[in-house]
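Accompanying notes for the structure given below.
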Amino acid sequence: TRTLPQRAVYTAVQADMCSLINGVQTQEQLTSLRRGSVSIEQRDRVRDPPVINRKGRPSTARLTGATEGRPHGEGARIQGLDQSQGTTRRQNRCSRCHLVGHNRTSCPRGH
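In structure tokens:
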């Protein structure tokens, strides 16, 4: 999109305003015209969504990235660093046989 010259914008707005105020002759008519323009302006505004208070402990305001260590707030949740940097993620360790790569529920040794 290209920006319009200010003179063109001014003349277009002036022409639109002339058609609106053409029949205004008294103070009451001017007041009602102003009220109508304010209601149109307020109707077309985009309002903020309602604030929802969530249950539980509030999270911290600052979101941490994946490379910042322990996650705070609602930031990254992966364990270890980013794989694009060449580092590896921490692997699960079974609490039954103490081998890496699976957990207690998927242990190949069974019960």
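Going by the working numbering, the sequence shown opens with residue 152, and the numbers climb by one from there.
The C-beta atom is built at its ideal place from N, Cα and C for all residues, glycine as well.
Note that the structure is predicted; figures quoted are calculated from it, not measured.
Buried or exposed by the 16-neighbour rule on C-beta atoms within 10 Å, applied to residue i
{"i": "G231", "result": "At G231 the pLDDT is 47, less than 50, meaning the model places this residue with poor confidence and gives no usable figure here."}
Straight-line Cα distance separating residue j from residue i
{"i": "V160", "j": "T152", "result": "15 angstroms"}
{"i": "R247", "j": "C258", "result": "8 angstroms"}
{"i": "L250", "j": "R244", "result": "6 angstroms"}
{"i": "I203", "j": "P209", "result": "12 angstroms"}
{"i": "V175", "j": "L184", "result": "8 angstroms"}
{"i": "Q165", "j": "L155", "result": "15 angstroms"}
{"i": "R186", "j": "R196", "result": "16 angstroms"}
{"i": "Q178", "j": "S188", "result": "15 angstroms"}
{"i": "H253", "j": "T218", "result": "25 angstroms"}
{"i": "Q157", "j": "P200", "result": "34 angstroms"}
{"i": "T256", "j": "G207", "result": "30 angstroms"}
{"i": "T162", "j": "R198", "result": "30 angstroms"}
{"i": "I172", "j": "R205", "result": "50 angstroms"}
Residue of the options minimising C-alpha distance to residue i
{"i": "M168", "options": "R244, L181, P156", "result": "L181"}
{"i": "R241", "options": "V202, G220, R196", "result": "G220"}
Range of the contiguous alpha helix (DSSP H) that encloses residue i
{"i": "Q165", "result": "157 to 172"}
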